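Taking it in order: structure first as structure tokens, then the write-up.
There are 2 protein chains.
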Amino acid sequence: MTDTLPIARSVRELRTYVARWRNQNLTVGFAPTMGALHDGHLDLIRALKGRCDRTIASIFVNPKQFAAHEDLDRYPRDEAGDAAKLASAGCDLLYAPPREVMYPDGHSTSVSVAGVSEPLEGEARPHFFGGVATVVTKLLLQCLPDVAAFGEKDYQQLLVVKRMVRDLDMPVEIMGVPTTREADGLAMSSRNAYLSPEERIVAARLNVILREAVEQLESGANIMTTLVKIERQIFKAGFSEIDYVAIRGEDDFLPIASPIVRRPARLLVAVRAGETRLIDNMAVGAMRP
Amino acid sequence: MTDTLPIARSVRELRTYVARWRNQNLTVGFAPTMGALHDGHLDLIRALKGRCDRTIASIFVNPKQFAAHEDLDRYPRDEAGDAAKLASAGCDLLYAPPREVMYPDGHSTSVSVAGVSEPLEGEARPHFFGGVATVVTKLLLQCLPDVAAFGEKDYQQLLVVKRMVRDLDMPVEIMGVPTTREADGLAMSSRNAYLSPEERIVAARLNVILREAVEQLESGANIMTTLVKIERQIFKAGFSEIDYVAIRGEDDFLPIASPIVRRPARLLVAVRAGETRLIDNMAVGAMRP
């Protein structure tokens, strides 16, 4: 077991590692992150290790996916702690480019994805997916891994990345990794660190509400009725605000037109506990006949 | 000498050729075109052959870079003739994807480049560079050549592609290839086929006017005075319309603020002979002291 992890800080260094592995016929898995790593990120590495010979995690807090009023400056950063966690999970390389490597002076190209990026998170955070699409394109083309892993926690982001990779013909396979949860079911997130002890108790109610709703939907409950019920329960649990509660098709992310769920879908929510924005989602199977 | 050229029509076929060459440690050069090939396109292949072991040309008339009123439908197409020309120039593979390979249903990702794409052609043809950036990204990522060649005839496009490749960290070198001209100096273009015999005579005046202006600028002529003089000469020569006559920095494509040319620049024009839009450009060296 190793405690230290090599760190690449430039595209050239990153590509030197990848080229060396490729010359040895080793496959490469890649997990792009914004750092402040928790067990959910380490599950990305673990999932990649099941598929690839070598794994790389990147840490870059991407300014282009934060709006001016958002938490770019106070977003948690702990590179040394992150590197130790990655090493303990068996990661082979940390890629931690400084901002001037990612966005040198004169940088003026952006990638945008229409359709799947527009509702829900796209409405709540208009800058978000443009920033994500651009930085993920850069990271994937800098690294050119065989497989890149993204968490289902950010389910819409996963679909945006899959759409983009297909549309631009990037030679990379995108793997979705199931959401990692705390013992009480709260979806792991770097932003959970913002929660006060009281808000942390409220936050844990979200996954319980969703899990119950999924059961009801899979038993044939009416979609609109269930969504309204979820909203009522969220406020009752002590959340301060709801951005959205929605059901969308699992792959196409289109609204479900039928009164009950007849095809694989996803139940998605964005709420606030105090000032902290939390998102979660769960798969909804087609109603069992 | 071979007269026939293998043709790939899917990304998978294209990548099979490229992978085979890579396994033999051969380097790959790529020239994306819209077909209707002339000697200027073949010069791209010849330039690539000086740098790479194998060369690929693509032919795809990209609908995304045409506006509704433009000439997408009547744009000249002659795949058999193009293939024969490429074979005679020593090209190793033609990539001719059908529209559904490039833009399958649901395609919704686009690449855009701010800054260098905005003036001149960007003003005259607002759809153009977005369409170019998206299709070139796809073609480069489908092929992943070592070097891709673009003609200096479309000088602003060359700068847009260079900027985009750098900004998105595509692992491809972009090579600019000097404009190929007819015996009378007319820049070769697939759209020259639209010219009537009378317009063809007018068209040939453009390069003469530009060449004289470059000489004067390099001898210290005032920029504004020279641009006005060029415009007067263009109308006098019988052109029906001027989109722009401009001088820009060779690399940054910024306007030249000084009264005379003090750093490497480019003189660029877009005009119409009859209904046919023609562009041309020439390098302007910094004034010799």
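Protein chains in written order, with my numbering: chain A, 1 to 289; chain B, 290 to 578. All C-beta atoms, glycine included, are put in the ideal place defined by N, C-alpha and C. Keep in mind the model is a prediction, meaning the values are calculated, not measured.
query	result
Could you run through the stretch 313-345 of chain B and flag, in chain order, every residue whose CB is less than 8 Å away from some CB of chain A?	none
Does the CB of residue 171 of chain A have a neighbour CB from chain B at under 8 Å?	yes
Please give me, in chain order, every unbroken run of the alpha helix (DSSP H) with length at least 4 that falls completely inside the stretch 474-531 of chain B.	486-492, 494-507 and 512-526
Going by DSSP in three states, residue 286 of chain B sits in which element: helix, strand or coil?	Residue 286 of chain B cannot be examined here, being either before or after the span of chain B that is shown, 290 to 578.
Across which residues does DSSP place residue 570 of chain B in a beta bridge pair?	B/557
Residues of chain B with CB closer than 8 Å to the CB of residue 291 of chain A, please, in chain order.	Because chain A spans 1 through 289 in this model, residue 291 of chain A falls outside it and cannot be assessed.
Just how far apart, CA to CA, sit residue 397 of chain B and residue 353 of chain B?	12 Å
Going along chain B in order, which residues have a C-beta closer than 7 Å to the C-beta of residue 115 of chain A?	397
Counting only Cβ-Cβ distances shorter than 8 Å, please list the residues of the stretch 138-151 of chain A near chain B, keeping chain order.	138, 141, 142 and 144
Looking at the strands, I want to know which residues DSSP matches up with residue 248 of chain A.	A/255 and A/266
Counting beta carbon pairs with one atom in the stretch 456-474 of chain B and one in the stretch 419-433 of chain B, are three or more of them shorter than 8 Å?	yes
Can you pull the chain B neighbours of residue 168 of chain A, defined as C-beta to C-beta under 7 Å?	398, 426, 427 and 430
Drop a sphere of 10 angstroms on the beta-carbon of residue 391 of chain B, count the other beta-carbons inside from all chains shown, and report buried for 16 or more, exposed for fewer.	buried
In chain A, which residues lie less than 9 Å from residue 347 of chain B when you measure between Cβ atoms?	Residues of chain A passing the Cβ test: none, with the nearest at roughly 12 Å.
Along chain B, which residues have their Cβ under 8 Å away from the Cβ of residue 188 of chain A?	None at all; the shortest Cβ gap to chain B is about 29 Å.
Can you find the residues in the same chain that come closer than 6 Å, C-beta to C-beta, to residue 532 of chain B, ignoring five residues on each side of it along the sequence?	413 and 559
Could you spell out the range, first to last residue, of the alpha helix (DSSP H) harbouring residue 302 of chain B?	300-312
Does the Cβ-Cβ distance between residue 548 of chain B and residue 539 of chain B come in under 8 Å?	no
Rounded to the nearest angstrom, what separates residue 34 of chain A and residue 280 of chain A at their Cα positions?	18 Å
Check the Cβ of residue 300 of chain B against every Cβ in chain A and list those closer than 7 Å, keeping chain order.	169
Provide the residue span of the alpha helix (DSSP H) that contains residue 324 of chain B, from first to last.	Taken as a continuous stretch (DSSP letters only), residue 324 of chain B belongs to no alpha helix (DSSP H), as it is neither H nor E.
Using beta carbons (cut-off 8 Å, strictly below), is residue 99 of chain A in contact with chain B?	no
DSSP on residue 382 of chain B, reduced to helix/strand/coil?	strand
Starting from the Cα of residue 167 of chain A, find the closest Cα among A/176, A/178, A/133 and A/273 and give me that residue.	A/133
What whole-angstrom Cβ distance do residue 150 of chain A and residue 156 of chain A have, given they're in contact under 8 Å?	The Cβ separation is near 11 Å, so there is no contact.
Do we get a CB-CB distance below 8 Å when we pair residue 452 of chain B with the residues of chain A?	yes
Measuring only the C-alpha atoms, how far is residue 356 of chain B from residue 111 of chain A?	21 Å
Leaving aside the five residues before and after residue 209 of chain A along the sequence, list all residues of the same chain whose C-beta is less than 8 Å from its C-beta, in chain order.	230, 233, 234 and 237
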